Amino acid sequence: MIRLQRAMSRPSDRQLALGVAGLVAIVVIELVLPAGYVRAAIAAIGWLGYSLGALLRVSQALSAARRDERLSWIFLGAGCVSWLVSTGYRSMLLIADVPSSPPSVGDAAALLGAIFFILGFIAMLRGRRLATYTVLLDQAAVGIGLVAVIAFAVQDVFLVEMRDDPVATATVLLYTILYAAATGAAISAFFAAPLDTPRRAHVWLIAGVGLTAAAYLFSLPQYLHGTFTAGTLSDPMWMLGMLAISIGASSSLEDRQQLVVSQPSPLRPFARMALPGVVGVAVGILIVVSEDHRTEAIVLRASALLTVVLAARVGLAMYSNWRQGEVEGRRARQFEALYEVGLAAAGERSFDDLLKLVVEQATALTRTDGAMLALADDPDGKFVIRALNKGPMFRLRDSVGEPLAGLSLAALESRDLVVAEQYADHPQSTPQLHDLIRSAIAIPLVAHGEVIGTLAAYSTQPRRFASETRRLIRLYTAQAAIAIANARLLAETHRLARDDDLTGVMNRRSLMERLEAEIHSANRHGDILAVALCDVDGLKSVNDSAGHLAGNEVLIKVARVMRESVRAEDIVARFGGDEFVVMLPRTGQLPAQALVSRMSTRLREETYHWAGAEHSVPRVSFGIAWFPEDGRTADALLAAADERMYVDKSRGRAAVDRAADAD
Numbered sequence: 067m068i069r070l071q072r073a074m075s076r077p078s079d080r081q082l083a084l085g086v087a088g089l090v091a092i093v094v095i096e097l098v099l100p101a102g103y104v105r106a107a108i109a110a111i112g113w114l115g116y117s118l119g120a121l122l123r124v125s126q127a128l129s130a131a132r133r134d135e136r137l138s139w140i141f142l143g144a145g146c147v148s149w150l151v152s153t154g155y156r157s158m159l160l161i162a163d164v165p166s167s168p169p170s171v172g173d174a175a176a177l178l179g180a181i182f183f184i185l186g187f188i189a190m191l192r193g194r195r196l197a198t199y200t201v202l203l204d205q206a207a208v209g210i211g212l213v214a215v216i217a218f219a220v221q222d223v224f225l226v227e228m229r230d231d232p233v234a235t236a237t238v239l240l241y242t243i244l245y246a247a248a249t250g251a252a253i254s255a256f257f258a259a260p261l262d263t264p265r266r267a268h269v270w271l272i273a274g275v276g277l278t279a280a281a282y283l284f285s286l287p288q289y290l291h292g293t294f295t296a297g298t299l300s301d302p303m304w305m306l307g308m309l310a311i312s313i314g315a316s317s318s319l320e321d322r323q324q325l326v327v328s329q330p331s332p333l334r335p336f337a338r339m340a341l342p343g344v345v346g347v348a349v350g351i352l353i354v355v356s357e358d359h360r361t362e363a364i365v366l367r368a369s370a371l372l373t374v375v376l377a378a379r380v381g382l383a384m385y386s387n388w389r390q391g392e393v394e395g396r397r398a399r400q401f402e403a404l405y406e407v408g409l410a411a412a413g414e415r416s417f418d419d420l421l422k423l424v425v426e427q428a429t430a431l432t433r434t435d436g437a438m439l440a441l442a443d444d445p446d447g448k449f450v451i452r453a454l455n456k457g458p459m460f461r462l463r464d465s466v467g468e469p470l471a472g473l474s475l476a477a478l479e480s481r482d483l484v485v486a487e488q489y490a491d492h493p494q495s496t497p498q499l500h501d502l503i504r505s506a507i508a509i510p511l512v513a514h515g516e517v518i519g520t521l522a523a524y525s526t527q528p529r530r531f532a533s534e535t536r537r538l539i540r541l542y543t544a545q546a547a548i549a550i551a552n553a554r555l556l557a558e559t560h561r562l563a564r565d566d567d568l569t570g571v572m573n574r575r576s577l578m579e580r581l582e583a584e585i586h587s588a589n590r591h592g593d594i595l596a597v598a599l600c601d602v603d604g605l606k607s608v609n610d611s612a613g614h615l616a617g618n619e620v621l622i623k624v625a626r627v628m629r630e631s632v633r634a635e636d637i638v639a640r641f642g643g644d645e646f647v648v649m650l651p652r653t654g655q656l657p658a659q660a661l662v663s664r665m666s667t668r669l670r671e672e673t674y675h676w677a678g679a680e681h682s683v684p685r686v687s688f689g690i691a692w693f694p695e696d697g698r699t700a701d702a703l704l705a706a707a708d709e710r711m712y713v714d715k716s717r718g719r720a721a722v723d724r725a726a727d728a729d
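Here it is as structure tokens:
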């Protein structure tokens with residue numbers, strides 16, 4: 067049961083199972099029903115349903131494709147539309163029991179569909195001229211070879227049919243050539259694609275075009291002689307072809323969501339010569355068995371020899387160029403990743419953006435399904451997860467903020483690269499992740515001789531991490547560690563320049579910059595702005611009686627209460643020794659006064675520790691000024707707030723004096 071669940075983990079797998087089940091049901095119904103209207107209607111429902119399914123999936127793949135990939139999916143979608151028209155036309159004729167022979171509207175649509183698919187597979191290699199030239203030459207080789215085979219094997223029959231019905235015979239020949247070329251284009255584009263391109267989607271597209279071509283070619287004799295009917299082998303072949311195209315489009319969408327890359331096989335570069343090689347061998351055999359005394363055979367041998375030489379020569383040249391291009395392309399991607407991290411190290415990105423970039427680049431460079439980065443937490447020195455990259459299909463829960471464990475902890479302890487090609491077999495793997503992770507690689511982040519964190523990449527499939535991948539991840543983490551350390555240092559430098567060392571709130575210089583900016587914004591947009599100036603009235607007496615440590619505790623607690631009382635967009639700053647400023651954007655008179663009242667209430671409940679006892683925090687006086695009523699500059703607003711603060715301070719002293727007199 068578990069194996070079945072794993073096998074059906076992708077949505078396209080479930081789509082395939084449902085599609086095959088539906089196809090089997092339709093075929094069984096066709097076999098049970100006698101020839102006639104009902105069987106034709108069932109077949110038409112199957113043809114049209116699977117055609118619409120293919121068109122829908124291709125449309126979804128088109129909507130999710132990158133801009134440079136859209137042209138290919140547009141052509142494939144146009145091919146599906148053409149096939150849908152062809153199928154609909156044939157279905158109407160079949161249900162109405164109207165005989166038809168080529169050429170017809172259905173033939174034109176079917177042939178146009180083959181052309182669209184050829185263009186679609188060629189467009190997959192747009193921007194890669196050598197690969198595109200190879201596909202075109204492969205198609206030429208396939209076409210020449212196919213025409214040669216037809217001319218040699220059935221030339222007498224072909225000439226008779228051509229004399230009797232030249233248009234129908236030419237249509238049949240076009241079907242053969244175009245659909246063989248479409249299948250060849252799919253195969254050739256597959257081998258010409260970059261070595262790390264995901265193979266699953268392309269294989270399904272090849273199967274879809276091949277099965278559809280076989281279905282068309284299988285039904286041509288019946289269609290040519292007006293005996294085409296439902297319930298033949300072409301029905302499941304055609305529906306399977308449409309289903310395979312649907313699966314190919316769905317797989318492409320899944321691969322894009324998961325950032326899937328293929329593990330290049332060492333034989334795959336040689337496989338790029340498979341198609342011209344097969345054509346060459348086939349035509350070579352044809353040369354051997356041909357009759358020398360025929361003029362046609364001489365021409366055929368010359369054409370076949372030209373095809374073999376051209377295919378072999380181009381295949382060898384393209385293999386050399388492709389191989390060099392693949393190496394250079396991968397180097398370019400590696401340098402791009404290092405360049406991005408270098409920019410981040412120079413302060414081009416925020417700290418959080420840097421961490422996100424590191425895990426994204428690590429996932430791409432190691433060709434895995436996700437990556438995780440952990441850093442030392444400053445307060446207690448423990449390592450916690452700070453960034454996580456995962457595709458939608460990689461069901462790893464969000465663990466940011468949790469303590470480090472598993473393979474990353476092993477890398478931290480060993481201070482070296484740790485590789486688990488079989489994750490479940492590693493002694494420090496996490497048992498709860500055995501069903502999700504099949505292989506992993508982890509490495510410590512070392513900057514200036516100190517371990518500052520770990521980076522781990524995970525794959526949902528068992529795999530070997532080649533020496534090139536290990537070398538690359540070592541180089542990348544060395545650069546990333548320096549970037550992270552520098553970013554931390556830069557962030558701390560900015561914090562020290564912006565914040566007050568003692569209380570952690572904004573300092574006076576930073577406050578004035580923000581206040582000027584807020585005044586400018588409020589003036590431009592017609593907003594209001596409140597500025598509250600606060601003074602800890604009895605701080606000097608606390609310092610004199612209890613010492614400066616107790617006074618510092620008072621300031622820290624006052625700043626904390628203020629930070630906890632305001633909104634996220636509000637600013638709290640230490641303005642002087644015992645003075646604070648609270649800036650409240652877009653805050654009117656009543657809300658500002660209510661906020662100050664809440665602060666005063668909370669501050670009266672605060673205490674500081676001295677001489678083994680808790681003492682109440684001294685009274686805090688407040689004065690509030692509003693933009694634009696009380697001034698249009700920072701100095702004017704602060705001066706107005708200062709006057710009102712001293713009024714509040716006087717009221718506080720008077721209240722204290724009255725309480726003393728009453729005693």
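Going by our numbering, the first residue of the sequence shown is number 67, and it counts up by one from there.
Note that the Cβ used here is the ideal one computed from N, Cα and C, for glycine as well.
As the structure is a prediction and not an experimental result, all values here were calculated from the model.
Cβ atoms of residue 714 and residue 688 come within 8 Å of each other, at about 6 Å. The residue from 97, 480 and 298 with its alpha-carbon nearest to that of residue 512 is 480. Judged by DSSP in its simplified three-state form, residue 594 adopts coil rather than helix or strand. Cβ-Cβ separation between residue 651 and residue 635: approximately 6 Å, consistent with a contact (criterion under 8 Å). Counting only runs of 4+ residues, the alpha helix (DSSP H) found wholly inside the stretch 639–680 occupies 655–671, in chain order.
In this structure, residue 649 sits near residue 596, with a CB-CB distance shorter than 9 Å.
Take the alpha-carbon of residue 482 and the one of residue 320: they are about 34 Å apart. Short of 6 Å from the beta carbon of residue 189, and not among the five residues preceding or following it, lie these beta carbons of its own chain, in chain order: 137, 138 and 141.
Counting along the chain, residue 510 sits inside the beta strand (DSSP E) bounded by residues 505–513. Pairing residue 527 with residue 434, the inter-Cα distance amounts to about 9 Å. In this structure, DSSP gives residue 434 a state outside helix and strand, which the three-state scheme calls coil. The stretch 272–279 makes no contact with the stretch 80–92; the number of CB pairs closer than 8 Å stays below 3.
In the structure shown, residue 525 adopts extended strand secondary structure according to DSSP, grouped into three states. Under the three-state reduction of DSSP output, residue 531 falls in the coil class, being neither helix nor strand. Taking a cut-off of 8 Å on C-beta distances, the stretch 694–710 does not touch the stretch 671–686, as fewer than three cross pairs fall below it.
A distance of 9 Å or more separates the beta carbons of residue 535 and residue 510. Around the C-beta of residue 655, fewer than 16 other C-beta atoms lie within 10 Å, and the residue is accordingly described as exposed. The stretch 174–183 makes contact with the stretch 233–253, as at least three CB pairs between them are under 8 Å. Here residue 448 carries a coil assignment [DSSP, helix/strand/coil]. CA-to-CA, the gap between residue 256 and residue 269 works out to about 8 Å. Note on residue 148: 16 or more other CB atoms within 10 angstroms of its CB, so buried under the neighbour-count rule. The shortest CA-to-CA distance from residue 455 to any of 424, 476 and 449 is the one to 424. For residue 580 and residue 496, the gap between their C-alpha atoms comes out near 48 Å.
Residue 541 and residue 316 have their C-alpha atoms spaced approximately 36 Å apart. Here the C-alpha atom of residue 452 lies approximately 14 Å from the C-alpha atom of residue 475. Under the three-state reduction of DSSP output, residue 158 falls in the helix class.
Using a Cβ distance threshold of 9 Å, residue 284 and residue 303 count as a contacting pair. Across the structure, residue 151 and residue 131 are spaced so that their CA atoms are roughly 25 Å apart. Residue 677 is positioned such that its CB atom lies no closer than 9 Å to that of residue 690.
Counted as a single uninterrupted DSSP element, the alpha helix (DSSP H) harbouring residue 180 occupies residues 171–189.
In the structure shown, the three-state DSSP call for residue 482 is coil.
Check the Cα spacing between residue 298 and each of 94, 146 and 271: the tightest is with 94. For residue 602, the three-state secondary structure derived from DSSP is strand. Residue 317 carries a helical assignment under DSSP once its states are collapsed to helix, strand and coil.
In the same chain as residue 622, and ignoring 5 residues on each side of it, the C-beta atoms closer than 6 Å to its own belong to 569, in chain order. The alpha-carbon separation between residue 545 and residue 504 amounts to approximately 27 Å.
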